[in-house]
Structures are given as structure tokens and as C-alpha cells.
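Reading the sequence shown from the start, the letters are residues 29 to 566 in the working numbering.
Ideal Cβ placement from N, Cα and C applies to all residues, glycine included.
Take a look at the structure below.
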Amino acid sequence: MVKSFIPHLVFGVLAVLGVSLVNAEDPYLYFTWTVTYGTRSILGVPQQVILINGQFPGPKLDVVTNNNIILNLMNKLDQPFLMTWNGIKQRKNSWQDGVLGTNCPIPPNSNYTYKFQAKDQIGSYTYFPSTLMHRAAGGFGALNIIHRSVIPIPYANPDGDFTLLVGDWFKTNRKTLQQSLESGKSMPFPDGVLINGQTQATFTGDLGKTYMFRISNVGLSTSLNFRIQGHKMKLVEVEGSHVIQNLYDSLDVHVGQSITILVTLDQPPKDYYIVASTRFTKTVLTATAVLHYANSNASVSGPVPAAPANGFDWSMEQARTYRWNLTLNAARLNPQGSFHYGTITPTKTIVLANSAPLINGKLHYAVNGVSYINPDTPLKLADYFNIPGVFSTNFLSELPSGRAATLATSVMATSLLDFIEVVFQNNENTMQAWHLDGYDFWVVGFGSGQWTPDKRKSYNLVDALTRHTTQVYPNSWTAILVSLDNQGMWNVRSTLWDRQYLGQQFYLRVWNPVRSLANEYDIPSNVLLCCQAVGRHP
């Protein structure tokens with residue numbers, strides 16, 4: 029349920045809730061979500077899924093830039109549970125990030141109230157469970173941030189707005205998947221692809237009108253290609269960036285990524301296929317939906333449009349065509365190009381190489397030879413309360429070390445206002461995708477083989493877009509630039525959930541030793557305390 033009202037009517041209530049340092053004119057939206065199990069027949073097989081307020085996928089969150097979200101989440105599962113808000117920057121507020129490095133999980137039959145702001149953001153995002161393999165059972169949904177009415181957008185208001193959550197799906201129970209991973213086995217191949225949790229869906233529009241489609245890959249492990257039979261797709265926004273509005277026949281969307289397109293219904297009135305199919309897989313899995321022209325009785329016909337015949341090279345070239353529109357604004361009035369990222373000298377270069385080592389005879393995934401293990405006490409609480417022995421900033425090197433792989437709770441130390449260059453080096457034969465909580469970053473380069481400093485000559489230092497998740501092609505590298513202007517403890521992870529679960533992640537500690545509300549909000553008054561943090565007072 030949701031209701032909103034202007035905060036000057038409720039100063040007393042907000043003081044109790046502990047919401048800090050927000051503008052009085054920004055509305056508050058209140059939600060109550062109950063997380064339960066349910067049974068749904070997906071891919072023809074009854075399965076236990078995770079529902080939010082009885083829905084699979086979960087409720088769509090439509091908010092406006094700078095809205096404050098107060099969301100009471102009630103956990104009715106038999107396991108601890110957390111929700112994370114994929115792509116929401118949580119400005120000065122990693123306390124609300126909803127991952128095990130920042131939050132104690134919500135115990136069964138208990139609740140936690142998230143309090144965060146969609147600060148200076150627009151675009152299409154998602155949320156999903158961050159605990160165990162809960163994500164394999166559902167619990168995910170869309171989070172769309174609409175521009176403020178006083179901020180212009182670089183296209184006419186669309187005649188409709190559709191959200192499409194696409195992703196691979198497994199018939200195998202999430203607990204069985206988890207046990208298999210923990211035994212040292214790799215993730216099996218998925219059983220199908222879903223669109224909005226279904227194998228069949230219809231989206232209806234009128235001839236001559238233009239519609240927005242918000243497309244997010246909410247799957248566990250597989251890149252997808254998206255296309256609409258007989259229709260061009262105009263890319264307008266990528267994870268909060270307004271981009272040069274190129275037309276595409278199909279678009280690759282990698283795990284954890286979101287894009288926004290405009291489609292004009294300019295074809296003969298009938299039904300057309302909407303297609304999402306697996307990319308870079310020997311067996312191609314396909315999900316179809318229907319784009320239905322209103323008042324048309326003609327069904328879909330002809331073959332389902334095929335994905336591009338070319339593979340990684342084609343996809344990398346397409347990725348290079350995603351460019352910032354420097355003259356347009358996003359959430360604020362100032363143009364995106366007013367921040368000249370390409371003129372700033374990085375304070376350091378970090379090269380992160382993923383790998384799949386055997387440790388103690390079992391398969392793990394690692395970053396620079398370190399496979400992450402979750403501590404019993406969240407890193408953020410250990411840092412705040414000065415609890416020793418929970419994590420170390422000495423395990424993970426800033427460059428690949430070549431040493432034998434090891435298990436550790438790895439944290440990389442950085443300073444607030446650093447401007448860093450990060451290179452994701454993929455020496456494996458598999459597709460990779462990386463996400464950074466708390467930030468977006470400039471994706472300045474893709475390339476094959478080994479990255480060297482000489483590769484900087486190929487960087488886009490003028491109009492690279494910013495986003496929160498980037499792909500890394502097999503035996504290739506991707507380079508990003510990040511302005512570390514958001515203090516906190518931030519998860520850097522593979523978006524391929526099996527790899528994240530078995531250690532391909534770490535945390536970035538962005539820090540200033542002077543404790544100040546100008547840099548970071550106080551610990552929430554309703555913070556959950558667990559393990560070594562129990563009994564300590566915020």
C-alpha cells in the first residue's frame with residue numbers, strides 16, 4: 029500500500045523515524061511489504077516462489093526524483109532476508125543498501141523499515157533479495173524514478189509506459205541450487221526465459237502512438253537480446269543517463285542492467301512478437317510476448333525474429349555506440365556534459381581480475397585471488413563500532429597478484445573524493461558483468477586481450493555514459509572511471525549470482541576520518557544489530 033503527504037505536516041513523525049537531512053519540499057512515500065512463500069506454475073512446473081504482497085514479480089515502485097521512501101518490510105519466510113535497491117545510490121546512506129556487508133538480515137517473523145531517498149536520480153532500476161539464493165525464487169521487481177515536472181525531458185511524453193523484467197529462470201528449487209553451489213558444482217544451464225514472471229504477456233497500444241519500454245535483466249546468469257518484430261527501438265536512457273538517441277533493431281542487456289527505449293507503433297495494425305532470448309549460449313532459450321495494436325484482430329505471424337548472428341565482437345561494438353548526450357540534463361537542470369570527467373587525472377588505478385579457482389577442493393570465484401566470505405557481523409557495523417577482526421583491508425591487492433587463491437573477508441580502502449580508474453580484466457572464456465553499489469561510473473573503454481596502460485589511448489574521455497553495471501566480454505577488459513563522492517561501505521560484485529555467492533565480490537570502503545553529517549548520515553535509530561554488534565548502542 030502507498031500514501032504520500034508533504035513532510036511539513038509530520039515533522040514529529042519523521043523525527044521518530046530518524047530520517048535526516050532531506051529537503052522539506054520532497055514528498056514522503058510510505059509502503060508496507062510482506063514477503064511470503066507461494067506456489068506458481070512457471071515453465072509448466074509448480075514451484076515455490078517468493079512473493080511480495082502476494083505478487084510475483086513484486087510490486088512496481090514508481091517514484092519521482094528526490095522522493096523519500098519509507099518502506100516497512102515484513103519477513104514471513106523461514107530464513108533471514110534482505111532487499112537491495114539495484115542502482116539506487118543511497119547518497120551518504122549505505123546504511124540502507126540492503127546487502128550483508130551493510131545490514132543485518134531481517135529475522136523470520138520480524139520487520140525492518142528502509143528509509144532512503146531517490147536523490148538526484150532518474151531512470152529504470154530494480155530491487156531484489158540479496159540473501160542466499162532467494163533471488164532464484166523471485167522477490168524482485170521494478171523501481172522506476174520519474175523526472176520532476178520542472179525538469180524537461182529530451183523527448184515528447186510517451187503515450188504509455190511499460191516495464192519488462194526479463195531474465196533466465198530455473199525449475200530447480202533455490203535451496204537445491206544453493207546446496208549444489210556450496211558442494212563445489214557450477215551453476216546449471218537455465219530452463220527458460222521469463223518476461224514479467226511469465227511465458228506469455230501482451231502489451232497493447234494504438235497505431236501512431238509512441239510507448240516507453242523499461243527493460244531490465246533480472247536473471248541470475250545469462251545475457252539476453254531484446255527485440256520487437258518489425259519495429260525500431262530508440263534508446264533514450266541507460267541507468268540514469270540520457271543517451272544519444274540511436275535506433276536499434278535489437279539490444280543486448282546483460283545481467284543486472286536496465287535500459288529504456290521508445291517504440292512508435294507505425295506498422296500495419298496487427299500483433300507483433302516481443303522477444304527476449306539468451307545470448308552467447310549454445311542452446312538458445314527464448315521468451316516471447318505480444319505487442320498488440322488496439323482494435324486489431326490479426327494474430328502474430330511469421331517466424332520469431334532472430335537474434336544477431338554475430339557474437340561478442342558485435343555486442344562490444346554496440347556497447348560503444350551508447351554515448352552520453354552532453355547537452356541534455358538528467359535529474360538536474362545542468363547538462364550532463366558539464367562534468368568533464370575526461371580531464372581529471374585518476375588518483376589511482378585498480379585492476380580487478382576474476383577467476384574460478386579450486387580452494388580446498390571446491391569451486392570458488394575470486395577477485396585478484398581472493399574469494400570473499402561474508403562475516404557474521406556486517407562490515408558497516410564492525411567499522412562503526414570499531415569491532416576488531418571482522419575484516420581486513422590488507423587481503424585484496426589493487427592489482428592481480430598471481431598468488432594462490434584464498435578465502436577472506438576482503439575490503440579495499442579508498443578515500444572520499446578520490447577519482448579512480450578501475451579495469452575489469454576477464455581472462456576466462458565466459459561473459460562477466462560487474463556492479464558497484466552507491467555509484468554510477470563512466471564506462472570509458474572495452475577491449476580484447478590484456479589491458480595495458482597503452483589502452484588508455486582508446487578511452488572515450490568525452491561522452492562515455494554513466495551506469496551502475498557494466499559487462500566484460502570473454503578474454504577482454506572493460507575500463508571505468510569513478511568519482512568517489514559518496515562515503516560508505518559499498519559492495520562491488522559480479523551480477524552473475526552464482527559467482528557473487530561463491531566469492532566474486534568485495535567491499536569498497538570510501539572514507540573520511542572526520543565524522544560529519546555533510547559526508548554521511550548517522551546510523552539509523554532502528555538499525556538491526558546482530559552477532560558481535562548485539563548490545564552496542566548507536
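Could you check what DSSP says for residue i in three-state terms: helix, strand or coil?
i	result
Trp61	strand
His496	coil
Met592	In the structure as shown, the chain begins at 29 and stops at 566. Residue 592 is therefore absent and cannot be evaluated.
Trp567	Missing from the structure shown is residue 567; the chain here goes from 29 to 566 and no further.
Glu210	helix
Asp482	helix
Gln528	helix
Gly370	helix
Asp106	coil
Arg351	strand
Arg202	helix
Gly220	strand
Gly233	strand
Ala432	coil
Who are the Cβ neighbours of residue i in its own chain at under 7 Å, not counting the five residues just before and after it?
i	result
Arg163	Phe156, Pro157, Leu248 and Trp525
Gly258	Gln295 and Tyr300
Thr355	Pro363 and Gly365
Pro406	Leu128, Gly129, Thr130, Asn131 and Cys132
Thr112	Asp125, Gly126, Val127, Tyr155, Phe156 and Ser158
Of all the options the options, which has the alpha carbon lying nearest to the alpha carbon of residue i?
i	options	result
Ser286	Leu512, Asn245 and Asn131	Asn245
Leu512	Phe447, Leu290, Ala394 and Met459	Phe447
Thr316	Gly477, Ile173, Leu252 and Leu530	Leu252
Ile302	Phe367, Gln515, Gly330 and Asn121	Gly330
Leu380	Ser429, His175 and Asn362	Ser429
Ala184	Ile78, Lys390, Thr292 and Leu222	Thr292
Gly475	Gln453, Val490 and Phe469	Gln453
Leu438	Val418, Ala432, Glu449 and Leu427	One point to set straight first is that residue 438 is Ser, not Leu, in the sequence displayed. Cα-wise, what sits closest to Ser438 is Val418.
Asp189	Gln206, Asn137 and Arg242	Arg242
Ala432	Gln273, Ala394 and Thr442	Ala394
Pro502	Asn514, Val490, Trp479 and Lys483	Trp479
Phe198	Asn514, Val221 and Asp187	Val221
Ala384	Val328, Arg495 and Gly531	Gly531
How would you write the range of the alpha helix (DSSP H) that residue i sits in, first residue to last?
i	result
Ser343	Phe340 to Arg348
Starting from residue i, trace the beta strand (DSSP E) in both directions and tell me its first and last residue.
i	result
Lys570	A question about residue 570 goes unanswered here, because the residues of the chain that appear run from 29 up to 566.
Asp196	Asp189 to Trp197
Ser278	Ser278 to Val281
Ser519	According to the sequence as given, residue 519 is Asn; it is not Ser. Gly516 to Ser522 is the extent of the beta strand (DSSP E) around Asn519.
Gly129	Neither: Gly129 is in no beta strand (DSSP E) and is coded neither H nor E.
Glu265	Met261 to Val266
Asn388	Premise fails: Asn388 is in no beta strand (DSSP E) and is neither H nor E.
Thr141	Ser138 to Gln145
Trp470	Phe469 to Ser476
Tyr239	Thr238 to Asn245
Near residue i, which residues of its chain fall below 8 Å by C-beta distance, leaving aside the five closest residues on each side in sequence?
i	result
Ser69	Gln75
Leu89	Phe59, Ile97, Tyr155, Gly169, Ala170, Leu171 and Asn172
Ser92	Residue identity differs from the one stated: residue 92 is Val in this sequence, not Ser. Within the same chain, Val92 has close Cβ partners Pro55, Ala146, Ile173, Ile174, His175 and Arg176.
Bridge partners of residue i, per DSSP?
i	result
Asp299	His320
Met539	Position check: residue 539 holds Trp in this sequence, whereas Met was assumed. DSSP output for Trp539 lists Ser443 as bridge partner(s).
His463	Thr497 and Arg521
Gln76	Thr67
Val450	Ile378 and Ile508
Excluding the 5 residues flanking residue i on each side, which residues of the same chain have their C-beta closer than 6 Å to its C-beta?
i	result
Ala436	Val398 and Phe423
Gln499	His282 and Ala461
Asp465	Asp125, Trp518 and Asn519
Asn488	Val472
Ser425	Asn396
Val77	Gly66, Arg68, Phe84, Ala165 and Gly166
Any heavy atom of the ligand GTP inside 7 Å of the beta-carbon of residue i?
i	result
Lys104	You won't find the ligand GTP in this model; it holds no ligand whatsoever.
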